[in-house]
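Just so you know, the protein sequences line up as chains A and B, in that order.
Sequence positions in the first sequence follow the numbering used here and run 1 to 418.
Sequence positions in the second sequence follow the numbering used here and run 1001 to 1294.
Heads up, the beta-carbon is just placed ideally off N, CA and C, and yes, glycines get one too.
Everything numeric in this text was worked out from a predicted model, so none of it was measured.
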Amino acid sequence: MSNTNEVMISVDGVGKKFCRNLKRSLFYGVQDISREMRGADLANYPLRKEEFWANRDVSFELRRGDCLGLIGQNGAGKTTLLKMLNGLIKPDTGHIQMNGRVGAMIALGAGFNPILTGRENIYVAASVLGFSRKEIDQRFDEIVEFSEIGKFIDTPVQSYSSGMQVRLGFAVASSLDPDILLIDEVLAVGDVGFRTKCYNRIYEVCKNAAVIFVSHSMPQIDRLCNRALVLTGGAVVYSGETGPAINQYNKLFQTKAREWQQMDGIDVQEISINGIKHTRQIDLKGSDPLNVDITVDAASAVEKVEISVNFLEKSYDLISQANNRFDQKYISLQAGLNHLHLSIDKVGLGSGLKLLSIAFVDANTQKILFWAHGGWELDVTNDVYIPSPGFNTLAIENKSLDATPSFKRPQTLNAKRK
Amino acid sequence: MQNQSMSSLPPHHFYSTESSLRHPKRFFKEMFSDLWLGRGLAFTLAKRDLAAQYRQSLLGYVWAFLPVLGVTGLFTFLKLSGAMQLSNSGIPYLLFSLVGTTLWQLFVDALNSPLAQMNSGRSMLIKLNFPRESLLIAGIIKIWVNFGIRMLIVIPVVIFFLWKGEVTLNFWSPILFLGGTLAVMFFGLALGLFLVPLGVLFQDVQKALAMLISFWMFITPVVIPIPEAGFASKLMPINPVTPLLDNTRMWLLGMHAEYITSFGWVVLVSLVCFLWSWLVLRVSFPHIIARMGM
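Encoded structure:
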């Protein structure tokens, strides 16, 4: 039955108009209703005063087994598009064909009543999604187990944390097995453990459905989606492979100028990344090592220095960190020039543009000695999905210290956390 | 099993800019299939709302009939104290005003229900595609449950006056009364449904409705029998709620109902108004949902 070549979603030249002014928008609503009552076609009308295109000329096709990442900045028209696909609002141009049962996770827990218990709300939320009472009975235990709500199941939902509500909502919504699944950014609230569980479940659904996934988390888009659509101002600026799409998305954000901040008495003279000096962008693979050579001139010796190497998303969200503080293996800086060599075996990064930042902290005073925040761009390309380890193994060596035995000789450090 | 569970959404959807009324056959088919598919959800939603309605209160369901008792008590007191001179309706006044208030409350509940249901279901409407008629049916269920609770007070009072010999029932009384209450509710519902598209967009509708209702009550023989003279004696008979409410009360108490013809007309108008409003509402949904917020 599930033919992988089957077109599940076909969107052709779809556009949607919205009005900036609320009162005018309400009036246009009445106008639209009367136009439709007269049997008129909405495509025949031009933009009215204060209207703009929330979506413009969007076209794509999705087959079973496809997972399309829908990315774009806030207000780019992602939710509007999902709402049209779900039949909640009508397009103003073009048309949409949806072949199959549609499940939408645009809102988790729609229909939840705060005064009622989790148990009662499961029945309500599942009925809204189209389950019969019998079907809910059959899936009830599975839903409760997945949501990890446990003994709070008979507690009113108003005393649940937002994370618990999202867990319960997702557990209900994901127990459907639709042909087409629309997922808006609904999982941002859950904790990491639960999010991972959710993504695994979405991944399972992807195998046998056409999925559209909206997220601002590029690692997740990279992991789940085989195609992506970048929206800007309601229009498609890129449609195709996930990697280039993520780069396109990242270009939408202005890159901040390289910022080096250092305390008096510390002068970082040079940093080379993988042997390249004065570079801003480095191309590498997610499984590549990273070697950083730093030349630092210190006015006086610093006994305990903490060094962290951070990998960031373009949005400055931390992906993973390497830090010698994790196992308290600090290094020392001598007065004068120091040549530091930092190495990471495997960066473990997903595709797309990432940022690299490096910081030195005096471990005794907790003062920041040096900070290059998002100073380098790493252009990562992967053939396969690479999970972020969260923490990298960092080896640090102060080569200059060989000449100064008066210092306690630091060992090659292995900052690793389990 | 999945086919069954998600059958509320037919497997193929085509969304275009064309008016949905261009395909009347499909339009009407979907209207009634959604009504049918929404029934299970309607019960769940009604149960949810009824369960939550009085959970955070000490008196609970007593609140369903307390306001009605309050109004009845107030007017009975005014009547007894002689502060208010009313024409004689031929029915013990307590019974007249209690049944009148109960029926009036049924009408008001029905009138407010469609708009209130749409407003409280806002978060679902803007995010999920489900048979939206279920919200309306859930509203009707809630109206009847609350009416039923009030009848638990009305029935013993009727029995009391029966025992005292001040009223007589006949065999048809309960059936006619049931038909009458259905007509009262249906008229309110049709009118309420008519106001939904505009009412969801503009809050003015709800505010104006609240004002209108308090005025409307006094040109309806709810607690005041139709006077013999004065402007009320002319206004009350042309008020469409009058034949519904007065006939129904008379039927319950086994008495002669005056307004048979106008009752029929109002029911007919309600039916037309209901179908028309339902159709307009279905056409309106994408447009009002687009303006309900993200």
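{"Asked": "Go to ASN274 of chain A, then tell me how far its beta strand (DSSP E) extends in each direction, as first and last residue.", "Found": "Premise fails: ASN274 of chain A is in no beta strand (DSSP E) and is neither H nor E."}
{"Asked": "Please name the residue or residues paired with ASP297 of chain A in a DSSP beta bridge.", "Found": "A:ASP267 and A:LEU337"}
{"Asked": "Using a beta-carbon distance cut-off of less than 9 Å, what residues from the segment 142-168 of chain A approach chain B?", "Found": "PRO156"}
{"Asked": "Around the Cβ of SER1081 of chain B, are there at least 16 other Cβ atoms within 10 angstroms (buried) or fewer (exposed)?", "Found": "exposed"}
{"Asked": "Give the list of continuous alpha helix (DSSP H) stretches no shorter than 4 residues that lie fully inside the segment 214-248 of chain A.", "Found": "218-224"}
{"Asked": "Among the residues of its own chain, which have a CB less than 7 Å from the CB of LEU1281 of chain B, if the five just before and after it don't count?", "Found": "LEU1193, VAL1196 and PRO1197"}
{"Asked": "Look at GLY69 of chain A and ASN55 of chain A and say whether their C-beta atoms are less than 9 Å apart.", "Found": "no"}
{"Asked": "Should LEU176 of chain A and PHE131 of chain A be called a contact, given that it needs their Cβ atoms to be closer than 9 Å?", "Found": "yes"}
{"Asked": "Output the boundary residues of the beta strand (DSSP E) element that contains ASP57 of chain A.", "Found": "51-63"}
{"Asked": "In terms of DSSP beta bridges, what is ALA322 of chain A paired with?", "Found": "A:VAL309"}
{"Asked": "Give every residue of the same chain whose Cβ lies closer than 6 Å to the Cβ of VAL7 of chain A, excluding the five residues on either side of it in the sequence, and list them in chain order.", "Found": "GLU61 and ARG63"}
{"Asked": "Going by the DSSP bridge assignment, what does ASN99 of chain A pair with across the sheet?", "Found": "B:HIS1012"}
{"Asked": "Can you pull the chain A neighbours of LEU1201 of chain B, defined as C-beta to C-beta under 7 Å?", "Found": "LEU26, GLY29 and VAL30"}
{"Asked": "Which class does GLN262 of chain A belong to by DSSP, given the choice of helix, strand or coil?", "Found": "strand"}
{"Asked": "Cα separation between LEU1275 of chain B and PHE112 of chain A?", "Found": "31 Å"}
{"Asked": "Taking the alpha carbon of LEU47 of chain A as the point to measure from, which residue in A:TYR28, A:SER315 and A:SER343 has its own alpha carbon closest?", "Found": "A:TYR28"}
{"Asked": "Checking contacts by CB at 9 Å: is ASN1129 of chain B closer than that to chain A?", "Found": "yes"}
{"Asked": "For a contact meaning CB atoms closer than 7 Å, what does LEU1041 of chain B contact in chain A?", "Found": "SER127 and VAL128"}
{"Asked": "Skipping 5 residues on each side, what residues in its chain have a beta carbon closer than 7 Å to that of GLY1293 of chain B?", "Found": "ILE1126"}
{"Asked": "Can you give me, in chain order, the residues of the segment 73-100 of chain A that have a beta carbon less than 9 Å from any beta carbon in chain B?", "Found": "THR79, THR80, LYS83, MET84, LEU85, ASN86, GLY87, LEU88, ILE89, LYS90, PRO91, ASP92, THR93, GLY94, HIS95, ILE96, GLN97, MET98, ASN99 and GLY100"}
{"Asked": "Please list the residues of the segment 190-212 of chain A that have a C-beta atom closer than 7 Å to any C-beta atom in chain B, keeping them in chain order.", "Found": "none"}
{"Asked": "If you draw a straight line from the alpha carbon of GLY1179 of chain B to that of SER1016 of chain B, how long is it in whole angstroms?", "Found": "43 Å"}
{"Asked": "Under the three-state reduction of DSSP, which class applies to MET1255 of chain B: helix, strand or coil?", "Found": "coil"}
{"Asked": "Any chance the segment 304-323 of chain A sits against the segment 352-360 of chain A, with 3 or more Cβ pairs inside 8 Å?", "Found": "yes"}
{"Asked": "Does the beta-carbon distance from ILE33 of chain A to SER1284 of chain B come in below 9 Å?", "Found": "yes"}
{"Asked": "Given a cut-off of 9 Å, decide if VAL1145 of chain B and LEU1095 of chain B are closer than it, judged by their beta-carbon atoms.", "Found": "no"}
{"Asked": "Any beta-carbon of chain A closer than 9 Å to the one on GLU1018 of chain B?", "Found": "yes"}
{"Asked": "Measuring straight from C-alpha to C-alpha, what distance separates ASP267 of chain A and VAL296 of chain A?", "Found": "6 Å"}
{"Asked": "Between VAL1267 of chain B and the rest of its own chain, which residues show a CB-CB distance below 6 Å, the 5 nearest in sequence each way excluded?", "Found": "ALA1183"}
{"Asked": "For a test of the three-state rule: what should DSSP assign to ALA1229 of chain B, helix, strand or coil?", "Found": "coil"}
{"Asked": "Which of helix, strand or coil does DSSP assign to TRP1172 of chain B?", "Found": "coil"}
{"Asked": "Specify the secondary structure class of LYS285 of chain A as computed by DSSP and reduced to three states.", "Found": "strand"}
{"Asked": "Any residues in the segment 301-329 of chain A with a beta carbon nearer than 8 Å to a beta carbon of chain B? Which ones, in chain order?", "Found": "none"}
{"Asked": "Is DSSP giving LYS354 of chain A helix, strand or coil here?", "Found": "strand"}
{"Asked": "Going by C-alpha to C-alpha distance, which of A:LEU224, A:LYS23 and A:TYR199 sits closest to GLY350 of chain A?", "Found": "A:LEU224"}
{"Asked": "Counting contacts by CB-CB distance shorter than 9 Å, is ASP1034 of chain B in contact with chain A?", "Found": "no"}
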